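Q:
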Amino acid sequence: MATPPTPTASDTAQHTPTTWLLPAVGVSASAFLLFGLQLAGWGHGLLVLSLLSAFLISRELGKDLSLIGLGIAIVSTTSVKANVDWDRFVTIGTVLILAVTMPLLMDRLVLRRRAIRFPWLSGERWNRWQWGYIIAVPVLGWLILPYYFITSGAYENWPAITDGGALARFFVGVNFVGTWDELFFICTCFALLRRHFGLWTANLLQAVIFVSFLWELGYQAWGPLLTIPFALLQGWLFSRTGSLLYVLIVHLLFDVLVFLAIVHAHNPGVIPIFLV
């Protein structure tokens, strides 16, 4: 996947002309229209306009935003609302896989470059704060997630599980989507944006795409109060560690609590480990 930029690239990003930001904002906003507001016509129109303007401003900016736009467009071809029925399970899984692999293949085979890579490990040992955060994540999830899902009613955006097969698909689906989130939003969108923009500009842009997708998935009501900080933290952690493995572990630990909290919300008393 795309890696954090080198110091030289980062320095260049800090001096990106303001006009370059407009098409990038447009690409992120198109995801908000497509996933958050379900306005396909307006969303696709804004995406196309933003990509055209990006190429007029800079060929390299246009290439990178096009890879992000390609992934967004692929995801928009189907509803990603949580569903564990076999047909939806396979359809959503296939679409999400294509949304990651097609930009990667375009980068390799068409653009003939390696702007997208897989930075699995940074080569550095994790320090105390990194280990501490990994421990804190499931604790925070245990405290916050049941309260969010139950008090907001957002758990109803996920189907009630009635048999073992559906429960297994739900568990696999939660972890698959969590893995995909890091591959697409962080390792692709965020890292490609970092080739042109500063850390927090790129981070905010990817967070809009990230949170819009999660809204359609089911994190609604006051869910963005949780998903916005989470998306920003994941981008920041990736920039600090340069490790896909680290951000993936953080995300999947959180998603285990998501799975347990939703099952608990649908079936009170079945998992008697929560306070709510």
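Under my numbering, think of the first position of the sequence shown as 23, with each following residue one higher.
C-beta atoms are modelled at their ideal positions from N, C-alpha and C, and glycine is treated no differently.
Computed from a prediction, not measured in an experiment: that's the story for all the values here.
(1) So what's residue 256 in DSSP terms, helix, strand or just coil?
(2) Consult DSSP for residue 85 and reduce its assignment to one of helix, strand or coil.
(3) Candidates 59, 134, 146 and 208: which alpha carbon is nearest residue 242's?
(4) On the three-state DSSP scale, how would you describe residue 204?
(5) Just to confirm before moving on: does the CB-CB distance between residue 137 and residue 69 stay below 8 Å?
(6) From the DSSP output, in three-state form, read off residue 10 for me.
(7) Is the beta carbon of residue 101 less than 8 Å from the beta carbon of residue 87?
(8) Does the count of Cβ pairs from the region 165-175 and the region 284-292 closer than 8 Å reach three?
(9) Tell whether a beta-carbon distance below 8 Å holds between residue 179 and residue 240.
(10) With residue 104 as the anchor, note down where its alpha helix (DSSP H) starts and where it stops.
(11) Using the Cβ count rule (16 or more neighbours within 10 Å means buried), how would you classify residue 279?
(12) Is the beta carbon of residue 42 sitting closer than 8 Å to the one on residue 80?
(13) How long is the line joining the alpha carbons of residue 166 and residue 94, rounded to whole angstroms?
(14) Suppose you measure from the CA of residue 303 to the CA of residue 231; what does that come to, to the nearest Å?
(15) On the CB-based measure, 16 or more other CB atoms within 10 Å of its CB, does residue 103 come out buried or exposed?
(16) Quick check for students: name the residue ranges of the alpha helix (DSSP H) that lie wholly in the region 83-152, counting only runs of 4 or more.
(17) Assign residue 208 to one of two classes, buried (16 or more other C-beta atoms within 10 Å of its C-beta) or exposed (fewer than that).
(18) Below 8 Å, can you find three or more Cβ-Cβ pairs linking the region 112-124 to the region 186-202?
(19) Could you check if residue 168 is buried or exposed, using at least 16 other CB atoms within 10 Å of its CB as the buried criterion?
(20) Please state if the CB of residue 152 and the CB of residue 263 are separated by a distance shorter than 8 Å.
(21) For residue 155, tell me which candidate among 286, 275, 298 and 285 has the shortest Cα-Cα distance.
(22) Given residue 26, which residues of its chain have a CB within under 6 Å of its CB, disregarding the five upstream and five downstream residues?
(23) My output table needs one value for residue 25: the three-state DSSP class, helix, strand or coil.
(24) If you count every other CB in all the chains shown that lies within 10 Å of the CB of residue 40, and 16 or more means buried, which is it?
(25) Let me check understanding here. Comparing Cα to Cα, which of 62, 85, 189 and 298 lies closest to residue 108?
(26) Look at residue 85 and residue 133 and say whether their C-beta atoms are less than 8 Å apart.
(27) For the alpha helix (DSSP H) that contains residue 232, what are its first and last residues?
A: Here's the rundown:
(1) Here residue 256 sits in helix by DSSP.
(2) In the three-state scheme derived from DSSP, where H, G and I count as helix and E and B as strand, residue 85 is classed as helix.
(3) For the residues 59, 134, 146 and 208, the minimum Cα distance to residue 242 belongs to 59.
(4) Helix.
(5) No Cβ-Cβ contact shorter than 8 Å links residue 137 with residue 69.
(6) Any answer about residue 10 is impossible in this case: the structure gives the chain only from 23 up to 298.
(7) No, the Cβ-Cβ distance between residue 101 and residue 87 is not below 8 Å.
(8) Contact between the region 165-175 and the region 284-292 is established, with three or more Cβ pairs separated by less than 8 Å.
(9) Cβ atoms of residue 179 and residue 240: closer than 8 Å.
(10) Neither: residue 104 is in no alpha helix (DSSP H) and is coded neither H nor E.
(11) Residue 279 counts as buried, since no fewer than 16 other beta carbons sit within 10 angstroms of its beta carbon.
(12) Going by C-beta atoms, residue 42 is nearer than 8 Å to residue 80.
(13) Each residue's CA atom was taken as its position, placing residue 166 and residue 94 some 29 Å apart.
(14) The displayed coordinates of the chain run from 23 to 298. Any statement about residue 303 would go beyond what the structure contains.
(15) When all chains shown are included, residue 103 counts as exposed.
(16) Within the region 83-152, the complete alpha helix (DSSP H) runs of at least 4 residues fall at 108-127.
(17) Counting of Cβ neighbours within 10 angstroms places residue 208 among the buried residues, the total reaching 16 or more.
(18) Cβ pair count under 8 Å is three or more, so yes.
(19) Answer is buried; the Cβ neighbour count reaches 16.
(20) Cβ atoms of residue 263 and residue 152: closer than 8 Å.
(21) Cα-wise, what sits closest to residue 155 is 275.
(22) Confidence at residue 26 is low in this model, with a pLDDT of 47, below 50, so the placement of that residue should be treated as unreliable; the coordinate-derived value is given next. Setting aside the 5 residues that flank it on each side, residue 26 is surrounded in the same chain by 261 and 264, each with a C-beta closer than 6 Å to its C-beta; the list follows chain order.
(23) Low per-residue confidence applies at residue 25: pLDDT is 47, beneath 50, and the placement is therefore not dependable enough to give any value.
(24) The residue is exposed, with fewer than 16 neighbouring Cβ atoms inside 10 Å.
(25) The shortest CA-to-CA distance from residue 108 to any of 62, 85, 189 and 298 is the one to 189.
(26) Against a cut-off of 8 Å, the Cβ pair of residue 133 and residue 85 comes out as a contact.
(27) Segment 221-239, the alpha helix (DSSP H) holding residue 232.
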